[in-house]
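Engineer: The listed protein sequences correspond, in order, to chains U and W.
To get the numbering used here, take the position in the first sequence, counting from 1, and add 694.
To get the numbering used here, take the position in the second sequence, counting from 1, and add 634.
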Amino acid sequence: RKEVEQDPGPFNVPEGATVAFNCTYSNSASQSFFWYRQDCRKEPKLLMSVYSSGNEDGRFTAQLNRASQYISLLIRDSKLSDSATYLCVVISSGSARQLTFGSGTQLTVLP
Amino acid sequence: EAGVAQSPRYKIIEKRQSVAFWCNPISGHATLYWYQQILGQGPKLLIQFQNNGVVDDSQLPKDRFSAERLKGVDSTLKIQPAKLEDSAVYLCASSEGTVPSKQYFGPGTRLTVT
């Protein structure tokens, strides 16, 4: 089993739709979680951190479920500009603090 | 504020040749990361520096890859000799603290090995 797994998609949704992605992780000692966005042939950019209580940033909501070991990203009212690959990042605790990216979920928002 | 700088942006070499990539992180960022991103996959961490010390190089193929971060600022990643499967984008990132946190990525170097 991979340390961090994401549904690769692609997710094709119409403008204005709500879409959600999950990211599962295998290390129960994982401590920090992030969502990054990567546009085609560009570098990843931080979208948002994921806090234990869940957090929201405009149309984006991130949640953490420690019991089931997954994080989620919800995008409401999708825009064409949301089309990108969404990568989750999981950081384990301990002295090594290993950092692992998921393989990404591709989203295309259609007009 | 200047971002993470990388050079070159593109490199084409033949297998068994050597290549080096350079990264200049955001000023004041203590932690520097090198990633390999193969098409269709997420970035894979190759090595993480905290200042000029190595924190994690568990996924660095040490028989052919080497990296250094002299004086805790700039870093170079070298491949010698290159293999076809090394074709990928090599991303450098930096973060402010001494533990993995929010990272800022450079534009990457796209390497093609023929």
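For every residue, glycine included, the Cβ atom is placed at its ideal position computed from N, Cα and C.
By the DSSP assignment, the beta strand (DSSP E) with ARG731 (chain U) in it spans what residues?
Structural biologist: Unbroken beta strand (DSSP E) run through ARG731 (chain U): 724-732.
Engineer: List the endpoints of the continuous beta strand (DSSP E) containing LYS678 (chain W).
Structural biologist: Element bounds for LYS678 (chain W): 678-684.
Engineer: Could you tell me which residues DSSP pairs with ALA722 (chain W) in its beta bridges?
Structural biologist: W:LEU745, per the DSSP bridge assignment.
Engineer: When DSSP labels each residue in this structure, what does SER652 (chain W) get in the three-state scheme?
Structural biologist: DSSP places SER652 (chain W) in coil when its eight states are reduced to three.
Engineer: Which class does ASP776 (chain U) belong to by DSSP, given the choice of helix, strand or coil?
Structural biologist: The answer is helix: DSSP assigns ASP776 (chain U) an H, G or I state.
Engineer: Considering only their Cβ atoms, is the gap separating ALA722 (chain W) from TYR667 (chain W) smaller than 7 angstroms?
Structural biologist: No, these two residues do not count as a Cβ contact at 7 angstroms.
Engineer: Counting only Cβ pairs nearer than 8 angstroms, list the residues of chain U close to GLY740 (chain W).
Structural biologist: In chain order: GLU737.
Engineer: Could one say the Cβ of LEU768 (chain U) lies closer than 7 angstroms to chain W's Cβ atoms, at least one of them?
Structural biologist: By this cut-off, LEU768 (chain U) is not an interface position.
Engineer: Take THR802 (chain U) as the anchor and find which of U:GLN792, U:SER720, U:GLN732 has the nearest alpha-carbon.
Structural biologist: Selected option, being the one with the closest Cα: U:GLN732.
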